[in-house]
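Under this note's numbering, residue 458 is the last one in the sequence shown; the count climbs by one each step, no gaps.
Ideal placement from N, C-alpha and C gives every residue a C-beta, glycine not left out.
Please read these numbers as outputs of a predicted model, since none were measured by experiment.
Just below is one structure, and these are the notes that go with it.
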Amino acid sequence: MTPINQLRLIGSFMQTTWLPKFTSRLEFESWQAKRINIFLRTQLKNSSFYRDFIGHPLDQLPIVDKSVMLKNFTAMNVEGISLDAATNVALKNEANRDFALKLDGITVGLSSGTSGSRGVFLTTEKENAKWAGIVIARALPCFFLPQLLRGSKPIKIAFFLRANSDLYMALQSKRIDFRFFDLFIGVEAHLANLETYDPDFLVAPAHVLSAIASAALVGRIRIKPQRVISVAEVLEVDDKVRIEKAFCVMVHQLYQCTEGFLGYTCEHGVMHLNEEYVHVEPEWLDKEKTRFIPIITDFTRTTQHVIRYRLNDVLRVRQAPCACGRVSRALDAIEGRCDDVLWFASTASGEYCPLYPDMLRHALTSAAAVIPDFRIEQNADTLCIAVADQTPQSLCEVEMAIRTLLSRHGLKAPKFKVIPFSANESIAKRRRIVCNQRPANILALAAIKPSNARH
């Protein structure tokens with residue numbers, strides 16, 4: 004990293020660490036609105052996709068989604084980079100596992116593509132530095148701050164993911180020893196090196212953290228991370244319990260995706276949206292306003308615009324205020340993707356209603372007997388069940404828990420089918436609950452489908 008970008012990282016870290024303390028949500032929204040207006044006034048002119056909207060307020064700009072962004076990729080980045088050119092560079096990086104190749108000095112990365120087509124992101128070194136400063140400020144416990152400032156010894160971060168990127172490597176410095184562990188070769192192959200490294204921070208997808216925790220619980224690896232952070236997928240209750248038992252620390256989360264750094268866990272273990280840098284417009288899924296799909300505007304990114312971008316995630320709002328005092332919106336859970344919502348007929352009206360993944364997870368973790376790893380797939384009117392270490396009792400427990408949950412919500416039980424269980428590959432995001440095919444005569448909620456997207 005160049006000296007100027009090192010200064011940008013430090014500036015971003017300091018700005019995030021010492022952000023103004025807002026006394027009310029109203030005060031914060033006024034502060035945020037001013038920054039969004041500055042962003043729109045200075046940035047829309049740089050993108051051919053948005054030039055027709057110069058002078059318009061944010062709520063008059065079009066809502067877009069992944070398909071729109073991929074279709075208009077060249078028009079939505081200020082460098083005029085084509086989707087084919089960006090994709091080719093990203094695929095070369097993934098093929099050679101080096102991740103150093105850039106496109107005209109710009110970092111290119113790919114999403115995992117779990118929801119279909121793969122997203123592509125572009126960032127400059129300047130944006131990478133600012134992102135690194137924000138992430139360090141959000142993830143670093145206060146007791147690490149003296150060590151970071153003194154630079155007496157580097158803070159060691161072990162980072163497990165499917166692919167590396169210059170975006171992540173922006174964390175590397177004299178004071179931070181950032182080490183990438185490539186999931187392409189599996190978790191087992193890294194255990195010896197991980198033990199030797201003995202990181203202060205352990206960052207990985209939830210199912211990878213769970214696998215490392217399982218190895219630690221039986222004495223196959225001995226590490227003592229002081230912060231464990233789950234990324235890239237839903238943190239399941241059983242994984243959380245196992246990880247915290249193994250390492251005796253709270254599991255934190257970072258909500259990061261191709262479109263931006265969206266959320267982080269505070270010191271009280273509560274997920275907060277990163278609204279000081281990303282505006283989040285909720286698309287409510289119920290009249291009680293308990294769940295929503297986020298429409299995001301990242302007002303820090305200037306190379307590839309992410310403006311009123313509709314994600315495919317379902318977020319559940321935290322009803323009680325967080326003890327940390329932050330006025331940013333807090334979440335009880337990132338429930339998963341819209342594609343993970345299951346649909347069942349109402350016993351009263353026959354109309355199909357959504358059943359959110361977190362409801363099902365809670366029902367299974369609250370079952371009378373301990374249920375091992377599982378997978379549930381909806382194929383039209385059939386619910387396919389797979390259970391690890393399958394026994395008649397475990398299958399019965401799963402089916403009974405689902406029937407009880409559906410009955411409580413006034414929904415008809417579907418046909419059940421047992422399918423073989425296959426362990427999740429380390430490089431793949433784990434999705435325990437998936438809707439492969441909705442029932443044929445479903446009348447889905449409008450909010451669960453793409454809406455108002457410009458094509």
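The way I'd put it, the stretch 276-286 does touch the stretch 298-312; three or more beta-carbon pairs between them come closer than 8 Å.
Taking a contact to require three or more Cβ pairs closer than 8 Å, the stretch 96-110 and the stretch 239-254 do not qualify as touching. The criterion of a C-beta distance shorter than 8 Å is not satisfied by R311 and I296. Separation of F162 and C341 (C-alpha to C-alpha, rounded to the nearest whole angstrom) is 28 Å. In this chain, the alpha helix (DSSP H) harbouring H365 covers 360-368. Nearest to F124 by C-alpha distance, out of E191, F76, Q63, is F76. For A336, same chain residues with a beta-carbon under 6 Å away, outside a window of 5 residues either side, are R319, D361 in chain order.
Distance check between L345 and each of L409, K292, R100 places L409 closest, using alpha-carbon atoms only. Taking 3 residues as the shortest admissible run, the stretch 295-362 contains the following complete beta strand (DSSP E) segments, listed from N- to C-terminal end: 316-320, 333-340, 345-348, 355-358. One thing to note: C327 has its Cβ within 8 Å of the Cβ of V273. Using a C-beta cut-off of 8 Å, the stretch 209-218 makes contact with the stretch 186-196, since at least three inter-stretch Cβ pairs fall below that distance. Approximately 5 Å separates the beta-carbon atoms of I139 and F16; this is inside 8 Å, confirming the contact. In the displayed model, G154 falls within coil according to three-state DSSP, outside both helix and strand. Between the C-alpha atoms of D203 and I137 there is a straight-line separation of about 19 Å.
Residues K159, I160, A161, F162, Y200, P202 of the same chain have their beta carbon placed closer than 8 Å to that of R182, with the five preceding and five following residues left out of the count. Rounded to the nearest whole angstrom, the CA to CA distance from C325 to Q150 is 28 Å. Distance from the Cα of Q322 is smallest, within the candidate group Y359, S50, D185, E291, for E291.
DSSP places D241 in the helix class (H, G or I) of the three-state scheme. For the 8 Å CB-CB criterion, A348 and L414 form a contact. Within its own chain, the residues whose Cβ lies closer than 6 Å to the Cβ of F42, once the five positions on either side in sequence are excluded, are F302, listed in chain order. As DSSP reads the structure, T126 sits in a beta bridge with T110.
Going by beta carbons, I224 and L197 fall inside the 8 Å limit. Of all C-beta pairs linking the stretch 45-52 to the stretch 65-85, three or more are shorter than 8 Å, placing the two stretches in contact. Taking Q381 as reference, the option from A404, N439, L10 with the minimal CA-CA separation is N439.
Judged by their CB atoms, S114 and G108 are not nearer to each other than the 8 Å cut-off.
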